[in-house]
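Only one structure is covered here, and it is reproduced in the block below.
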Amino acid sequence: MAVSAKLVKELREKTGAGMMDCKKALDATNGDLEAAFDWLREKGIAKAAKKADRIAAEGLTAFHIDGNTAAVVEVNSETDFVAKNQEFVELVNTIAQAVCANKPADVEAALKLNVNGEDLDTLIKEKTGKIGEKLTLRRIAVVEKNDNEVFGAYSHMGGSVTALVKIADSTEEKARDVAMHVAAQAPKYITEEDIPADVRERELNVLKTQAEEENAKAAKPKPANILERIISGRLQKNFKEVCLVDQEFVKDPDQTVAKYLGKGKVEAMIRFKVGEGIEKKEEDFAAEVAAQMKAAD
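Structural data, given as structure tokens:
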């Protein structure tokens, strides 16, 4: 049957797919709008599968807070251009809301969540097909609090970095300030007590070796007891630089985060930076364009 322009337009408005794709879908399904919609969904998923070997190291992070539950997510794309796409931004926020509402244990469980009648995994694959880049839900975090605790959250540069903290006996204003500090300063631990024993041992060995080598080259070597105090001092200095409560508060370097909080105690800290830890693939843009032009010929 002949497919009308009106039907093509309707399918295009419903799906956001290209005009020719909509026409092909309607031709393949004899003008059945719902079947054509499913056909496009299937093609979107198939298209996503072909992109599975690409590296998605750009994207956005986002948070969502609802009562005593908060969630942080990272969704990756292949380029930072897509990260500015309004449809992608809405997808990321939808995922953050779904994770906050359902509290999945991990990404695998999150991908099975029902969002508007379909699972999250399918939704992401459909958006991959529509947007044209591999999209990946990389990681999630869910934090719950009691009534005497407050959440503080902050997203930097529209979502390149998102930080979330849970603080007992404090205010939302102070919690947001601390979240901003976490986003800016990237502390690894909340307090020194949180530093694992193997990390402590490794750092101590490095500093001990450095100090002993320096001492061996010194014109007047220091005695063992003095050298031990030097190593201990350096160790404490290094630990203070990576522990949230001991860091100089970003909004007032004259005081530490702990001093700024007073009686407030940081119970949880999450910090997601887009692409953190992902090895980005080096692309030769000129060669890629040349290859595309050759393929078009």
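First residue of the sequence shown? That's 0 in numbering that gives the first Met the number 0, and the numbers climb one at a time after it.
In this text, a Cβ means the ideal position worked out from N, Cα and C, and glycines have one as well.
Because the structure is a prediction, the values reported are computed rather than measured.
- Within its own chain, the residues whose Cβ lies closer than 6 angstroms to the Cβ of Ala16, once the five positions on either side in sequence are excluded, are Leu39, listed in chain order.
- Put simply, of Thr68, Gly58 and Asn214 the residue whose alpha carbon is nearest the alpha carbon of Thr127 is Gly58.
- Residues Asn75, Gly274, Ile277 and Lys279 of the same chain have their beta carbon placed closer than 7 angstroms to that of Ala56, with the five preceding and five following residues left out of the count.
- For Thr255, the pairing in a beta bridge is given by DSSP as Glu247.
- Cβ contact annotation for Asp146 (same chain, cutoff 8 angstroms, sequence separation greater than five): Asn67, in chain order.
- A straight line joining the alpha-carbon of Lys5 with that of Lys111 spans about 36 angstroms.
- About 6 angstroms separates the beta carbon of Leu234 from that of Glu202, a gap short enough to meet the 8 angstroms contact definition.
- Val98 carries a helical assignment under DSSP once its states are collapsed to helix, strand and coil.
- Boundaries cannot be given for Gly261, as no alpha helix (DSSP H) includes it and DSSP labels it neither H nor E.
- A Cβ-Cβ contact shorter than 8 angstroms links Val98 with Ala109.
- When Arg199, Ala27 and Ile139 are compared, the shortest CA-CA separation from Phe271 is found for Ile139.
- Here the C-alpha atom of Met179 lies approximately 23 angstroms from the C-alpha atom of Lys236.
- Membership of Ser154 in any alpha helix (DSSP H) is not indicated; the residue belongs instead to the beta strand (DSSP E) covering Glu148 to His155.
- Gly30 and Asn113 have their C-alpha atoms some 29 angstroms from each other.
- Looking at Val149, Glu143 and Tyr153, the one whose alpha-carbon comes closest to that of Ser169 is Val149.
- Under DSSP, the beta-bridge partners assigned to Val142 are Ala69.
- If you check the CB distance, Val256 and Val142 do not come in under 8 angstroms.
- It is roughly 15 angstroms from the alpha-carbon of Glu240 to the alpha-carbon of Ser231.
- Here Cys242 is near Ile189, since their CB atoms are less than 8 angstroms apart.
- Membership of Ala24 in the alpha helix (DSSP H) is indicated by the continuous run Met18 to Ala27.
- Within the region 163-204, the runs of alpha helix (DSSP H) at least 4 residues long that lie entirely inside it are, in chain order, 171-184.
- Within its own chain, the residues whose Cβ lies closer than 7 angstroms to the Cβ of Ala24, once the five positions on either side in sequence are excluded, are Leu10, Ala35, Trp38 and Leu39, listed in chain order.
- In the three-state DSSP reduction, Asn224 falls in the helix class (H, G or I).
- Short of 8 angstroms from the beta carbon of Arg175, and not among the five residues preceding or following it, lie these beta carbons of its own chain, in chain order: Gly151, Ala152 and Tyr153.
- Note that the C-beta distance between Ile269 and Val71 is below 8 angstroms.
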